[in-house]
Amino acid sequence: MMLWLVLLLPILSVTSRSISIDHRSQSNTIADRIIELVTQGEFRGVTYNRLAALVDTIGPRLCGNESLTNAVNWVQNAMINEGLDNVHVEEVQIPHWVR
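All letters in the sequence shown, in the order written, are residues -16 to -1, 1 to 83 by mature numbering (1 follows the signal peptide of the UniProt record, and there is no 0).
As structure tokens, this is what we get:
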């Protein structure tokens, strides 16, 4: 029994490593495709323009201030307008610094 375990261990180790490499390879392929779309494809400039609109429209977003709430609502509406499913806001406690 122990001999079988000793013989199977290297095979299992190689198999699990190749599965891990395949998963990483697939993730890299997806990430590369997203980067390509954002930098050279149909979404070129869209990300920058959206960030510029958020920053120019809302301004600084300190925790606990109205600008943060406005920014969260702006992003939520933008995601809904893009047709994303299950877009919602969850309330969180954000510690803030007091002088």
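Don't be surprised by glycine CBs; every beta carbon is placed ideally from N, CA and C.
For residue i, three-class secondary structure by DSSP
| i | result |
| --- | --- |
| Ile78 | coil |
| Val71 | coil |
| Leu46 | coil |
| Arg34 | helix |
| Gln24 | coil |
| Arg17 | helix |
Residue i burial status per 10 Å Cβ neighbour count (16 or more: buried)
| i | result |
| --- | --- |
| Gly67 | exposed |
### the segment 27 to 38 / the segment 53 to 73 touching (three or more Cβ pairs under 8 Å)
yes
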